[in-house]
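Q:
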Amino acid sequence: MGKLQPARGTRDIFGEDARRMEAVTAAFEATARTYGFQLLATPIFEFTEVFARPLGESSDIVTKEMYSFSDRGGEAITLRPEFTAGVARAFISAGMQQSLPVRLMSHGPVFRYERPQKGRYRQFHQINAEFIGSETPETDVEMITMAWRVLESLDIVDKVTLHLNTLGDRESRTVYRDRLVTYFGAHKAALSQDSQRRLDTNPMRILDSKDEGDRVVVEKAPPLDESLTQASLDFYARVEDGLRACDVPFTRDTRLVRGLDYYTHTAFEFITDALGAQGTVIGGGRYDGLIEQLGGPSVPGMGWAGGLERLALLLDAAPSVQRPVVIMPMGDAAVRAALSLAEDLRAAGHTVIADRSGNLKKRLTRAAKAGANHAVILGEDELAADRVTLRNLDAGDQESLPRKALTDRLAAWS
RNA sequence: GCGGGUGUAGCUCAGUCGGUUAGAGCGCCAGAUUGUGGCUCUGGAGGUCGCCGGUUCAAUUCCGGUCACUCGCCCCA
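This is the structure:
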C-alpha cells in the first residue's frame with residue numbers, strides 16, 4: 001500500500017475500534033466511580049528515573065522496552081511504559097499522604113518498544129486503578145471485585161478466568177525467591193536457555209515457563225506456601241474469603257508471579273484464551289514497597305491495569321452509534337432556518353446532523369447510512385407554511401407538522 | 001531481540017505452472033425515480049499486484065533485501 005503508514009506498532013483508532021475502546025473506558029470510569037475513585041491524569045512522559053528506579057535496572061521493560069530520549073534541555077525522558085510509577089510519583093509530588101487513603105483511576109496511552117502482535121502494540125492504552133494507603137486484605141478484595149464488575153458490565157466476564165495468588169509479605173517473598181534460586185540453580189543444566197537467563201534476572205518467572213523441559217523441573221520446585229509466614233497465609237485467606245463473599249469466582253494459581261521486587265501479597269490476572277499469547281487482559285497486585293522506593297513515605301498500595309485494546313477485542317459487538325436526527329434544508333432560506341432549528345433539537349438532547357448538500361435522494365441515502373432514525377425536511381413549501389416534514393426512516397412514513405411542534409413530537413419518539 | 005507465515009481495488013479474497021487488456025463479492029459514484037433512502041435493474045470510477053534490487057527477451061508471478069501485518073518465544077495489559 002502507500003508509503004504513509006503509521007509507525008510500527010501504532011495505529012489509527014476510529015470507527016468501530018474507537019467505539020469499542022470508548023465503551024471499555026466508559027464502563028471502567030462508571031464502575032470505578034461507584035467505588036469512590038477519582039480521576040488522576042499524569043503526564044505521558046516522566047523523567048526516566050521515575051520508571052527506571054522502581055522497575056529495576058535489569059528488568060525487561062527498562063533494558064529493552066522503554067521509549068527513552070533526551071529532550072532539548074538534556075533531560076532524560078521516558079514515555080510511560082505503565083501507569084503505576086507515574087501515579088506513585090504524582091502521589092508523592094502532591095503530598096497526598098496527607099489524605100489517606102486515596103483511590104485514583106487513570107486511562108490513556110502507554111508505550112513499550114516491543115515486537116507487535118495482535119493485541120500488542122508499541123503505543124497501546126490502559127485503564128488503571130490504584131488504591132494507595134490501605135493495607136487490609138479487604139482492599140484487595142474490593143480492587144479485584146471492581147475489576148470483575150467492569151468485565152461484568154462489558155458482558156465479557158465469561159470469557160475470562162481470574163487467576164489469583166499471593167507472594168506473601170517481603171520476608172516470605174525473599175525466602176521463597178532464595179529457595180527457588182537454590183533449587184533451580186541445582187537443576188540449571190535441565191533448564192531452557194531462557195530460564196537459565198531468568199535465574200539471574202527474574203527467577204520466579206521460571207515457574208510459568210512454557211518450555212516443556214522447564215515444566216518438569218518446575219513440578220518439583222519447592223511449593224510457595226511453605227515459604228509463607230503465618231501472617232501472609234492469614235492475609236491471603238482473608239482475600240479468598242472476601243472474594244467468596246462478593247461471589248467473585250477465582251482459581252488459585254501458584255505459578256502466577258510478579259517479577260518486580262516491590263510486589264507483595266496479592267497478585268492476580270484476568271486471563272482469556274481468546275487472544276492467543278496476549279491472554280492477560282487485566283493484571284495487578286499489591287505493592288507495599290513501591291512508594292518508598294521512589295523516595296516517598298512508606299505507604300502500601302494496591303492496583304491493577306487493564307489493556308484497552310485487548311478488552312475491546314473481547315467485546316462481542318461494537319457499540320452502535322448514537323442515532324442522529326438529520327435535518328435537510330432545501331434552499332438558501334431553509335438553510336438559515338435549519339441552523340436554529342437544529343440548535344433547538346440539540347438543546348432538547350437529540351444528536352442532530354445537518355445535511356445541506358445534494359438532492360433529497362442523496363441526503364436520505366446518507367442519513368440511512370449514518371443510522372439516523374428521523375429526517376427533518378425543511379424546504380420552500382414547509383418554510384412558507386412554518387411547518388416541517390418529519391420522516392421516520394425506520395418505518396418509512398412521514399408527517400407534516402408545525403415547526404414549533406417538532407421538539408415535542410421527537411421527544412415522544414425517544 | 002529470536003523463529004515461522006502473509007502482503008493483489010476502500011474491505012474480504014480469487015488468479016497468473018513467468019507472456020502482452022489482473023478478476024469477483026461487498027462498498028463507492030451515476031442513472032432508471034425534477035423534493036423522498038433501505039429492494040431491484042443498468043452503467044461507471046477505482047490497482048506503480050507493499051517497496052527496492054537481481055535473474056530473464058519478458059517479473060504481479062522466481063530469487064535477495066527491506067517495510068508492514070500476523071503466529072509462536074521473550075515479556076507483559
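Residue numbers (the UniProt record's numbering): 1 to 414.
Glycine included, C-beta positions come from ideal geometry on N, C-alpha and C.
#1: Tell me whether methionine 1 sits in a helix, a strand or coil according to DSSP, three-state version.
#2: With H, G and I counted as helix, E and B as strand and the rest as coil, what does DSSP make of aspartate 261?
#3: Compare the Cα-Cα distances from glutamate 16 to each of Lys210, Lys220, Leu313 and report the closest residue.
#4: Decide if the region 66–85 is in contact with the region 300–318; the criterion is three or more beta carbon pairs, one per stretch, under 8 Å apart.
#5: Could you tell me which residues DSSP pairs with valine 376 in its beta bridges?
#6: What does the Cβ neighbour count give for arginine 286, buried or exposed, with the cut at 16 atoms within 10 Å?
#7: I'd like the ranges of any beta strand (DSSP E) spanning at least 3 consecutive residues and lying wholly in the region 52–108.
#8: I think phenylalanine 124 touches glutamate 309, with their Cβ atoms under 8 Å apart; what is that distance to the nearest whole Å?
#9: Could you tell me which of Ala88, Val50, Gly358 sits nearest to proline 329, measuring between CA atoms?
#10: Quick one: residues in its chain with C-beta nearer than 7 Å to the C-beta of lysine 188, no 5 flanking neighbours on either side, listed in chain order?
#11: From the DSSP output, which residues share a beta bridge with glutamine 293?
#12: Whose CA, out of Tyr35, His374, Arg20, lies closest to the CA of aspartate 394?
#13: For glycine 119 and glutamate 382, what's the separation of their Cα atoms in angstroms?
#14: Among the residues of its own chain, which have a CB less than 7 Å from the CB of aspartate 344, if the five just before and after it don't count?
#15: Pop quiz: valine 257 and arginine 215 are said to be a contact at Cβ under 8 Å. What is the actual Cβ separation, rounded to whole angstroms?
#16: How many angstroms separate the CA atom of aspartate 247 from the CA atom of aspartate 241?
#17: Who are the Cβ neighbours of valine 157 in its own chain at under 8 Å, not counting the five residues just before and after it?
#18: How would you call glutamine 126, buried or exposed, if buried means at least 16 neighbouring beta carbons within 10 angstroms?
#19: Where do the ends of the alpha helix (DSSP H) carrying proline 137 lie?
#20: Under 8 Å: do the region 270–278 and the region 313–323 share three or more Cβ pairs, one atom per stretch?
#21: Suppose you measure from the CA of proline 6 to the CA of alanine 334; what does that come to, to the nearest Å?
#22: According to DSSP, is glutamate 114 helix, strand or coil?
#23: Between the C-alpha atoms of glutamine 230 and alanine 186, what's the straight-line distance to the nearest angstrom?
#24: Rounded to whole angstroms, what is the Cα-Cα separation between serine 153 and alanine 27?
#25: CA-CA distance, glycine 2 and arginine 103?
#26: According to DSSP, valine 352 sits in a beta bridge with which residue or residues?
#27: What is the DSSP secondary structure of valine 223, reduced to helix, strand or coil?
#28: For isoleucine 327 versus leucine 294, is the C-beta distance shorter than 8 Å?
#29: Are glutamate 269 and threonine 254 closer than 8 Å when you measure CB to CB?
#30: Helix or strand or just coil, what does DSSP make of arginine 336?
#31: Please classify threonine 42 as buried or exposed, where buried requires at least 16 neighbouring CB atoms within 10 angstroms.
#32: Per DSSP, phenylalanine 47 forms a beta bridge with which residues?
A: In short:
#1: By one-based count along the first sequence, residue 1 stands at place 1. Confidence at methionine 1 is low in this model, with a pLDDT of 37, below 50, so the placement of that residue should be treated as unreliable; the coordinate-derived value is given next. Residue state, collapsed to three classes: coil.
#2: As a first step, residue 261 must be located in the first sequence, where it is residue number 261. Looking at aspartate 261 - three-state DSSP - the assignment turns out to be coil, as it is neither helix nor strand.
#3: In the first sequence, counting from the first residue as 1, residue 16 sits at position 16. For the set Lys210, Lys220, Leu313, the Cα lying nearest the Cα of glutamate 16 is the one of Leu313.
#4: In short, these stretches touch, since the Cβ pair count reaches three.
#5: For the purposes of this step, residue 376 is taken as residue 376 along the first sequence, with counting starting at 1. DSSP output for valine 376 lists Ile327, Leu390 as bridge partner(s).
#6: For the purposes of this step, residue 286 is taken as residue 286 along the first sequence, with counting starting at 1. The residue in question, arginine 286, is buried, as its Cβ has 16 or more Cβ neighbours within 10 Å.
#7: Here the runs fully enclosed are 67–70, 76–79.
#8: In the first sequence, residue 124 corresponds to position 124, counting from 1. In the first sequence, residue 309 corresponds to position 309, counting from 1. Indeed, because the Cβ distance is near 5 Å, the residues count as touching under 8 Å.
#9: Here residue 329 is taken as the residue at index 329 of the first sequence, counted from 1. The candidate whose alpha carbon is nearest that of proline 329 is Gly358.
#10: Locating residue 188 in the first sequence gives position 188, counting from the first residue. For lysine 188, where only same-chain residues beyond five positions count, the Cβ hits under 7 Å are Gln196, Leu199.
#11: The residue labelled residue 293 in the question sits at position 293 within the first sequence. For glutamine 293, DSSP records no beta bridge to any residue.
#12: Taking the first residue of the first sequence as 1, we reach residue 394 at position 394. Considering only alpha carbons, the answer is His374.
#13: Translated into the one-based positions of the first sequence, residue 119 becomes position 119. Translated into the one-based positions of the first sequence, residue 382 becomes position 382. C-alpha separation (whole angstroms): 53 Å.
#14: Taking the first sequence and counting its residues from 1, the one referred to as residue 344 is at position 344. Correct list, in chain order: Thr407.
#15: Position 257 of the first sequence, counted from the first residue, corresponds to residue 257. Position 215 of the first sequence, counted from the first residue, corresponds to residue 215. Rounded, the Cβ-Cβ distance is 15 Å, inconsistent with contact.
#16: Here residue 247 refers to the residue found at position 247 when the first sequence is read from its first residue. Here residue 241 refers to the residue found at position 241 when the first sequence is read from its first residue. As the crow flies, the alpha-carbon of aspartate 247 is around 10 Å from that of aspartate 241.
#17: Indexing the first sequence from 1 puts residue 157 at position 157. If we look at valine 157 and ignore the five residues flanking it on each side, its Cβ neighbours are Trp148, Leu151.
#18: Looking up residue 126 in the first sequence gives position 126. Counting Cβ neighbours within 10 Å, glutamine 126 comes out buried, since at least 16 surround it.
#19: The residue labelled residue 137 in the question sits at position 137 within the first sequence. Segment 137–153, the alpha helix (DSSP H) holding proline 137.
#20: Yes: at least three Cβ pairs fall under 8 Å.
#21: Walking along the first sequence from the start, residue 6 turns up at place 6. Walking along the first sequence from the start, residue 334 turns up at place 334. Going by the C-alpha atoms only, they are around 43 Å apart.
#22: The residue labelled residue 114 in the question sits at position 114 within the first sequence. Coil at glutamate 114, not helix or strand.
#23: As a position in the first sequence, residue 230 is number 230, starting the count at 1. As a position in the first sequence, residue 186 is number 186, starting the count at 1. Whole-angstrom Cα-Cα distance: 28 Å.
#24: The count along the first sequence starts at 1 and reaches residue 153 at position 153. The count along the first sequence starts at 1 and reaches residue 27 at position 27. Looking at the two C-alpha atoms, the distance is approximately 7 Å.
#25: In the first sequence, the residue the question calls residue 2 occupies position 2. In the first sequence, the residue the question calls residue 103 occupies position 103. Any answer about glycine 2 is weak, because its pLDDT of 41 lies below 50 and its placement is not dependable; what the coordinates show is given next. Cα to Cα, the separation comes out at about 46 Å.
#26: Indexing the first sequence from 1 puts residue 352 at position 352. As computed with DSSP, valine 352 is found in a beta bridge with Val325.
#27: Position 223 of the first sequence holds residue 223. The displayed chain sequence assigns proline, not valine, to residue 223. Here proline 223 sits in coil by DSSP.
#28: To locate residue 327, count along the first sequence from 1; it is residue 327. To locate residue 294, count along the first sequence from 1; it is residue 294. Using a Cβ distance threshold of 8 Å, isoleucine 327 and leucine 294 do not count as a contacting pair.
#29: Taking the first residue of the first sequence as 1, we reach residue 269 at position 269. Taking the first residue of the first sequence as 1, we reach residue 254 at position 254. Contact check for glutamate 269 against threonine 254 fails: the beta carbons are separated by 8 Å or more.
#30: Locating residue 336 in the first sequence gives position 336, where the first residue counts as 1. Helix at arginine 336.
#31: Looking up residue 42 in the first sequence gives position 42. Around the beta-carbon of threonine 42, 16 or more other beta-carbon atoms lie within 10 Å, marking it buried.
#32: For the purposes of this step, residue 47 is taken as the residue at position 47 of the first sequence. Under DSSP, phenylalanine 47 forms a beta bridge with Ile77.
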